[in-house]
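Numbering (UniProt numbering), first residue to last: 1 to 302.
For glycine and all other residues, C-beta sits at the position ideal for the given N, C-alpha and C.
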């Protein structure tokens, strides 16, 4: 059963499109990532699914309910972390107060039980040392983890996390990933938005690619990477005025001060790197990943 079903979804703001044509689904106990650049339509889609915005067209169902007709039922079954949650909600609360208050306000726990659950989740997120510190005195990454704790501790069957690891340091980011995967293993479904290709490749069961308001692909990370006709990549730093000689790569993307070139074999990749050195600094030679699939598919419109 799909806990989220989106077909031909659109959202218009006057003459501007927030989402043009989005279609995807999310299964029970699955982590699906909406991946794309800022402005690609990810957050707008999530706001529609959380009943915070009305769609302009298409189908949007959450937990079997239509987001327009049954918005109260949708809200009862979900938990949602927006991008800027801490800014307008946490204020002078401590992490313990914020998570406890959220659980009590939703009617899920008594104050005593909410406090116990809050301590549990905040400790898992590495915040046991700042339970009683006002959120306004925490770092941006710590505040973000408090907000993640608020969303996950509610124990809803479907959780929407809009860029939950934005501003979080590497170690804490891995902790959030671990907790998300544990929650999913217990049957909870998570819809994650990010523009972090590495995050999407590591944590996702499936990825939905957004480009200019449209969904252009939906598959597992490995399936998306498998759509590439190339297997290896060479990343080089480009000096000002330098031009790539013809025939070095089978395909490449010029990203301004950086160039990514592609080959079919590892030997060809190292041969290309040797050809370019010492004209340019070669950053890395590696197998292709989700970032490469994203660049390739968006350049083709999938």
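query: Please state whether DSSP places residue 16 in a helix, a strand or coil.; result: strand
query: Kindly indicate which three-state DSSP category residue 61 falls into: helix, strand or coil?; result: strand
query: Using the three-state DSSP reduction, which class does residue 159 fall into: helix, strand or coil?; result: strand
query: What does the Cβ neighbour count give for residue 1, buried or exposed, with the cut at 16 atoms within 10 Å?; result: exposed
query: Would you check if there are 3 or more beta carbon pairs closer than 8 angstroms linking the segment 14-22 to the segment 43-51?; result: yes
query: Is DSSP giving residue 51 helix, strand or coil here?; result: coil
query: Flag residue 300 as yes if its beta-carbon sits less than 8 angstroms from any beta-carbon of chain C, otherwise no.; result: The structure shown contains no chain C; it is built from a single protein chain.
query: Could you check whether residue 131 and residue 165 sit closer than 8 angstroms to each other, using their CB atoms as the reference points?; result: no
query: When the Cα of residue 221 is compared with those of 71, 103 and 203, which residue comes out closest?; result: 203
query: Skipping 5 residues on each side, what residues in its chain have a beta carbon closer than 8 angstroms to that of residue 99?; result: 114, 117, 118, 121, 122, 146, 149, 150 and 153
query: Exposed or buried, residue 254, counting other C-beta atoms within 10 Å across all chains shown (16 or more means buried)?; result: exposed
query: Give the straight-line distance between the Cα atoms of residue 6 and residue 38, rounded to the nearest whole angstrom.; result: 20 angstroms
query: Please state if the CB of residue 32 and the CB of residue 205 are separated by a distance shorter than 8 angstroms.; result: yes
query: For residue 162 and residue 280, what's the separation of their Cα atoms in angstroms?; result: 38 angstroms
query: In terms of residues, what are the limits of the alpha helix (DSSP H) holding residue 226?; result: 221-226
query: What does the alpha-carbon distance come out to for the pair residue 201 and residue 210?; result: 15 angstroms
query: Could you pull out every residue in the same chain whose Cβ sits closer than 7 angstroms to the Cβ of residue 228, ignoring the five residues on either side in sequence?; result: 288, 292, 293 and 296
query: Here's a check: name, in chain order, each residue in its chain whose Cβ is nearer than 8 angstroms to the Cβ of residue 272, leaving out the five neighbours to either side.; result: 234, 248, 249, 261 and 263
query: Out of 54, 136, 64 and 55, which has the shortest C-alpha to C-alpha gap to residue 91?; result: 136
query: Which residue's Cα is closest to the Cα of residue 67: 9, 112 and 283?; result: 9
query: Kindly indicate which residue of 77, 24, 138 and 133 has the alpha-carbon position closest to the one of residue 108.; result: 77
query: Going along the chain, which residues of its own chain have a beta-carbon closer than 7 angstroms to the beta-carbon of residue 187, five neighbours each way excluded?; result: 28 and 29
query: Pull up the CB-CB distance for residue 244 and residue 251, whole angstroms please, since I reckon it's below 8 angstroms.; result: At roughly 11 angstroms, the Cβ-Cβ gap does not stay under 8 angstroms, so residue 244 and residue 251 are not in contact.
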